[in-house]
Structure formats: structure tokens, C-alpha cells
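Numbering (this note's numbering), first residue to last: 9 to 310.
Let me begin by presenting the structure, written as C-alpha cells, before commenting on it.
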């Protein structure tokens with residue numbers, strides 16, 4: 009996880025996250041004298057140099073989550089379990105308590121620092137890595153996670169945040185709520201393979217390391233049809249059939265037909281639109297794209 013960002017360029021939200029991360033690290037006995045910001049988007053990621061620990065602070069993302077610590081606790085538990093089973097994940101920090109920790113009203117987790125290479129996985133590599141992740145989580149206790157696809161809570165929480173902040177007009181919010189209700193009913197009638205999911209399984213959440221490909225950003229993990237992960241993956245690559253075939257090869261099962269993933273992709277698109285509308289509240293650069301995407305969604309047949 010190496011990046012060019014500088015702490016000097018942080019906005020107020022990022023500076024608050026950085027200060028909180030350093031304070032937590034010092035309380036845990038970590039020496040921090042050269043922190044390096046790796047990313048400052050929904051979360052603040054900072055390498056707590058010279059330690060081999062990365063803090064992931066829920067900054068902007070926390071605005072749309074009533075209980076961000078619960079999401080992060082699930083992420084740590086799932087990633088730790090996968091790592092113990094040899095799964096392809098960047099593991100939580102091992103030398104100190106990975107959290108979640110709370111400081112100055114911000115929730116954060118701690119992760120092992122790994123050197124990464126600027127390389128995007130091919131369709132086959134993403135499909136194989138996702139299958140390996142699913143296999144490593146087969147024995148994760150099903151009662152350890154909510155039994156409802158996390159995407160539903162994501163949409164509901166973000167719609168509630170948009171309503172609180174009066175970002176969209178009432179009619180638009182009602183239309184989005186109605187679409188979500190219809191999609192929930194549709195997904196209720198879809199058969200799937202139950203298991204732990206990544207929740208946001210696209211190529212940009214798969215990092216190339218010296219030890220191979222490693223998944224990150226499991227904060228939307230949960231228990232549900234694993235076809236949801238395949239739907240996200242298929243919508244983010246140029247050759248979805250190659251990715252689905254690679255996944256099936258590792259899982260030793262027939263490849264899932266692309267049309268079977270459409271209901272999951274529809275709810276994922278709604279989630280993405282609502283997310284982008286929320287980001288536009290905090291960053292004006294998202295505004296035009298968010299409105300364009302919203303209008304395209306509203307023009308489609310529910």
C-alpha cells in the first residue's frame with residue numbers, strides 16, 4: 009500500500025483523521041514519526057511509519073452509517089479469518105489490536121502494511137482470487153454476520169443521510185426508495201449460493217504484492233448470495249465471461265450465466281447512484297457525475 013499523498017495536502021477532515029490515527033497508534037505503543045497518507049477519499053489510509061501498520065480511518069464514509077464500528081468489526085473478523093485460512097487478503101495488524109478503535113469521534117482499524125505494485129489484475133486473476141477468498145471463508149460462522157445482503161443497509165443508510173441533509177427533492181428520494189423496495193422483492197425470489205461475500209469485489213480492491221494478489225476493503229462484507237460478488241466483478245471488467253469462468257474453475261462448479269447476475273447488478277447500480285449523491289455533498293467534483301447517473305437511473309424501467 010504505497011502512495012504519493014502528503015499529509016501537508018490534507019483537508020480538515022483528513023487532518024482530523026490523521027491526528028486521531030497517530031494518537032491511537034501511540035496509545036498502543038507504536039512509534040510514529042513519519043506518517044504517510046496513502047489515500048484520503050471515503051476513508052483516510054495512513055502508513056504509520058516507521059511501523060509496519062496502516063490505519064484506516066472512517067472519515068467521510070461514516071456520515072452515512074449509524075454504527076460505523078459494527079461495519080469495521082465485521083471487516084476485521086472476516087479478513088482475519090480468511091488470512092488464517094491462507095486466503096488472499098491483506099490481514100489486520102498482528103502486533104497490536106486491530107480494532108475497531110475510536111478516537112475524537114472517529115472509528116478506525118489497523119492493518120498490516122504491504123508493498124504493492126501498480127498493476128491491475130486481469131479478468132482471470134480477479135476471478136481466481138475471488139474464488140480463493142470465498143473458499144477461505146467457507147467455515148466462517150454464519151451467525152457472525154447479518155444474514156441480509158449489506159447492500160440493502162448501504163442503500164437505506166445513505167438514503168436516510170440524503171434525506172437528513174435535504175440533498176435531493178422529496179419526490180426523487182421517494183422514487184429511489186420505491187426502486188429499492190422493488191429490487192429487494194426481486195432479490196428475495198432469486199436463488200443463490202449462501203456464504204460470506206466481499207461486498208465490493210472489483211479489480212481496484214485487489215492489490216498486487218510480492219506474495220501475490222491480495223484483497224482489501226472488505227467493509228461491506230456480509231452473509232448472502234455469493235453471486236452478488238460475481239455481479240459486482242462482472243460489471244467492472246471488460247470480459248466478464250473470462251472472470252466468471254476463472255472463478256468457476258477454482259470453485260469446481262459450472263460458470264454462472266451472466267443473465268443470472270442482472271438482479272444483483274441492478275441493486276448495485278442503485279447503491280452506486282446513492283453513494284455518489286452522498287459524496288457530492290462533501291466534494292463538489294462529484295456533483296455533475298452524480299446527477300447524470302441519477303437521471304440515467306430514473307430513465308430506466310423499474
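A virtual CB, placed ideally from N, CA and C, is assigned to each residue, including glycine.
Query: Verify whether the separation of the beta carbon atoms of residue 162 and residue 83 is less than 8 Å.; Result: no
Query: Under 8 Å, do residue 29 and residue 56 count as touching if we go by C-beta distance?; Result: yes
Query: Indicate whether residue 72 and residue 166 have their beta-carbon atoms separated by less than 8 Å.; Result: yes
Query: Give the secondary structure of residue 232 by DSSP, where H, G and I count as helix, E and B as strand, and everything else as coil.; Result: strand
Query: At which residue ranges does the segment 122–207 contain complete alpha helix (DSSP H) runs of 4 or more residues, listed in the order of the chain?; Result: 131–144, 158–172, 178–196
Query: From the DSSP secondary-structure annotation, give me the bridge partner or partners of residue 223.; Result: 97, 214
Query: Using the rule of at least 16 other Cβ atoms within 10 Å of the residue's Cβ for burial, across every protein chain shown, is residue 303 buried or exposed?; Result: exposed
Query: Among residues of its own chain, excluding the 5 on either side of residue 12, which ones have a beta-carbon nearer than 6 Å to its beta-carbon?; Result: For residue 12, the pLDDT reaches just 41, beneath the cut-off of 50, and the residue's location in the model is therefore unreliable, leaving the point undetermined.
Query: Cβ atoms of residue 232 and residue 157: under 8 Å apart, would you say?; Result: yes
Query: Going by beta carbon distance, what residues of the same chain come within less than 8 Å of residue 292, once the five residues before and after it are set aside?; Result: none
Query: Assign residue 11 to one of three DSSP states: helix, strand, or coil.; Result: Caution is warranted here: a pLDDT of 46 is assigned to residue 11, below 50, making its placement in the model unreliable, and no coordinate value can be reported.
Query: Between which two residues does the alpha helix (DSSP H) harbouring residue 86 extend?; Result: 76–92
Query: Keeping to the same chain, check which residues put their C-beta closer than 8 Å to that of residue 308; ignore five residues upstream and five downstream.; Result: none
Query: Give the DSSP bridge partners of residue 62, in chain order.; Result: 55, 119
Query: Report the rounded CA-to-CA distance for residue 139 versus residue 284, giving the unit in angstroms.; Result: 29 Å
Query: Do residue 86 and residue 241 come within 8 Å of each other at the CB atom, strictly closer than that value?; Result: no
Query: Please state the DSSP three-state secondary structure of residue 114.; Result: strand
Query: In whole angstroms, give me the CA-to-CA distance for residue 17 and residue 198.; Result: 47 Å
Query: Do you know how far the Cα of residue 78 is from the Cα of residue 210?; Result: 23 Å
Query: In terms of alpha-carbon separation, which member of 62, 297, 132, 116 lies closest to residue 2?; Result: Here the chain comprises residues numbered 9 to 310, so residue 2 is not present and cannot be evaluated.
Query: With 16 other CB atoms within 10 Å as the buried threshold, where does residue 221 fall?; Result: buried
Query: From the DSSP output, which residues share a beta bridge with residue 47?; Result: 53
Query: Spell out a yes or no on whether the segment 185–193 and the segment 273–281 are touching, meaning 3 or more CB-CB pairs, one atom from each, closer than 8 Å.; Result: yes
Query: Touch check for the segment 253–267 and the segment 165–180: three-plus C-beta pairs under 8 Å?; Result: no
Query: Got a sec? Which residues, its chain only, sit under 6 Å from residue 297 by beta carbon, not counting five neighbours each side?; Result: none
Query: Between which residues of its own chain and residue 273 is the CB-CB distance below 7 Å, once the five residues before and five after are set aside?; Result: 239, 243
Query: Within 10 angstroms of its Cβ, does residue 112 collect 16 or more other Cβ (buried), or is it exposed?; Result: exposed
Query: Compare the C-alpha of residue 205 against each of 114, 230, 194 and name the closest.; Result: 230
Query: Can you tell which of 98, 63, 214, 203 has its C-alpha closest to the C-alpha of residue 366?; Result: Beyond the ends of the chain as shown, which are 9 and 310, falls residue 366; an answer cannot be given.
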